[in-house]
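Down below is the structure, laid out as structure tokens.
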Amino acid sequence: MSCDISAPIETEVVARVGENTLIKEDIINLVPDGLSKDDSIKILNKYIDNWALNQLIRENAELNLSEEEIEEITKLSEKYYDELLITAYKNKVAAVNSDTIVNSSDVIDYYDEFRDNFKLYEDIIKGRYVKLSKDNFNLQEIKRRFRRLNNDDKSFFDSISIQLFNYSFNDSTWINKNLFFSKIPVLNDLEKERIVKNMLYRSKEDSLDVYLIKVNDYKKVDDVAPIDYIYDRIEEILQNRKKVDFIKKFEKEILDNAKKDNKFQSTK
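The numbering used here runs 1068 ahead of the 1-based position in the sequence shown.
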């Protein structure tokens, strides 16, 4: 089977199984931009073949399954549709309700109350690093600015970023220690521990490059996690709790209003 995707869209039928038809409008947007015509045709033909196969199997299923089996499947489909519809509506209502908003004070209060529950399962650090050629003509200036790193220095590094092979100046954010040092393969384990424990600046060379490293802070496994490291996690916990509480209240109000308006009656 082939498909000419350059023809006018309109309602051109591209495949038919019995009384069921697949029209060009249904498939034209399946092809990602930038593909060749041959690749586009392959994607469309595969989709068309799968569509036809599903139609044929469905016909066989309707002929060979009992009425009871088909009725049970229909009920399950309706139940699943209802669940999707209701869940989508609850989520939409909850998303715009002020009762589900989590403020920074909520997060801080929760952290202060349960801080001992937030023990670290990994070593984390705050640090920065740069990798560049050891033959860089401006190496001493770069080292000086790297150690200091004020706003002017950050602008300086932005201006010479093309000279840097790899770098991270995001030293106000906690990061897994092993992930951080994976970018600096010239250090052995003892050197890493010394840099972290003493929060040192270090310059280390290999045959081609030089690495500049500065650690500003660190926390070990089983230390209480800093709030900025787990802020998003706590925020998600509180949002889920508020959402559950709101939905319970929302459901009760719907039932109460329906009973009040005689829209819902129960014999229980």
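C-beta: ideal position from N, C-alpha, C; glycine also.
Reduced DSSP category for residue i - H, G, I as helix; E, B as strand; rest coil
| i | result |
| --- | --- |
| isoleucine 1073 | Confidence at isoleucine 1073 is low in this model, with a pLDDT of 49, below 50, so the placement of that residue is unreliable and no value is reported for it. |
| lysine 1202 | coil |
| alanine 1120 | helix |
| aspartate 1313 | helix |
| glutamate 1190 | coil |
| lysine 1288 | coil |
| aspartate 1277 | strand |
| isoleucine 1305 | helix |
| serine 1282 | Sequence check: residue 1282 is lysine here, not serine. Of the three classes helix, strand and coil, the one that applies to lysine 1282 here is strand, per DSSP. |
| alanine 1083 | strand |
| lysine 1331 | coil |
Cut-off 7 Å between Cβ atoms - residues of its own chain near residue i, not counting five sequence neighbours on either side
| i | result |
| --- | --- |
| alanine 1326 | Phe1332 |
| glutamate 1127 | Gly1086 |
| isoleucine 1302 | Val1175, Tyr1178 and Tyr1179 |
| isoleucine 1315 | Lys1158 and Ala1162 |
| asparagine 1244 | Glu1190 and Ile1192 |
| lysine 1202 | Glu1273, Leu1276, Asp1277 and Val1278 |
Residue environment, residue i, which counts as buried when at least 16 other CB atoms sit within 10 Å
| i | result |
| --- | --- |
| lysine 1282 | buried |
| isoleucine 1077 | Below a pLDDT of 50, predicted positions are generally treated as unreliable, and isoleucine 1077, at 47, falls in that range; the measurement from the model is reported next regardless. Isoleucine 1077 comes out exposed. |
| phenylalanine 1205 | exposed |
| isoleucine 1141 | exposed |
| valine 1289 | exposed |
| leucine 1200 | buried |
| alanine 1129 | exposed |
| alanine 1293 | buried |
| tyrosine 1197 | buried |
| isoleucine 1252 | buried |
| arginine 1346 | Outside the shown range of the chain (1069 to 1336) lies residue 1346, about which nothing can therefore be said. |
| threonine 1168 | buried |
| phenylalanine 1233 | exposed |
| arginine 1183 | exposed |
| isoleucine 1138 | exposed |
| isoleucine 1322 | exposed |
| isoleucine 1125 | exposed |
| isoleucine 1095 | buried |
Beta-carbon contacts of residue i that lie in its chain and below 6 Å, excluding the five residues immediately before and after
| i | result |
| --- | --- |
| aspartate 1055 | Residue coverage of the chain in this structure runs from 1069 to 1336, which leaves residue 1055 outside it and unanswerable. |
| leucine 1090 | Val1082, Ala1083 and Trp1119 |
| glutamine 1123 | Val1085 and Asn1088 |
| leucine 1207 | none |
| isoleucine 1371 | Nothing can be reported for residue 1371, as the shown portion of the chain is limited to 1069 through 1336. |
| lysine 1370 | The structure shown has nothing for residue 1370, since the chain only spans 1069 to 1336. |
| phenylalanine 1224 | Arg1213 |
Other residues of its chain near residue i: CB distance less than 8 Å, five sequence neighbours each side excluded
| i | result |
| --- | --- |
| serine 1271 | Lys1211, Val1278, Tyr1279, Leu1280 and Ile1281 |
| alanine 1075 | With a pLDDT of only 48 at alanine 1075, under the threshold of 50, the placement of this residue in the model should not be trusted; the figure read from the coordinates follows. Same-chain partners within the cutoff: Lys1092. |
| leucine 1098 | Ile1111, Leu1112 and Tyr1115 |
| lysine 1265 | Tyr1286 |
| arginine 1239 | It is worth fixing the name first, because residue 1239 is aspartate in this sequence and not arginine. Contacts found: Lys1194, Gly1195, Arg1196, Leu1217, Lys1282 and Asn1284. |
| isoleucine 1298 | Tyr1179 and Phe1186 |
| valine 1170 | Glu1303, Leu1306, Gln1307 and Lys1310 |
Near the ligand GTP: residue i beta-carbon under 7 Å from a heavy atom
| i | result |
| --- | --- |
| threonine 1241 | Absent from the structure shown: the ligand GTP. Ligands present: none. |
Chain C contact for residue i (CB, 8 Å cutoff)
| i | result |
| --- | --- |
| aspartate 1274 | Protein chain content of the structure displayed is limited to a single chain, and chain C is not contained in it. |
Worksheet item: Can you list, in chain order, the stretches of the alpha helix (DSSP H) that have 4 or more residues and sit fully within the region 1215–1254?
Response: 1219–1227 and 1245–1249
Fill in: In chain order, each beta strand (DSSP E) run of at least 3 residues that lies wholly inside the region 1088–1120
1088–1091
Discussion item. Please give me, in chain order, every unbroken run of the beta strand (DSSP E) with length at least 3 that falls completely inside the region 1116–1188.
Written reply: none
Discussion item. With a threshold of 8 Å, are at least 3 pairs of Cβ atoms found where one atom belongs to the region 1153–1166 and the other to the region 1309–1328?
Written reply: yes
Discussion item. With three or more beta-carbon pairs closer than 8 Å as the criterion, would you say the region 1253–1265 touches the region 1223–1235?
Written reply: no
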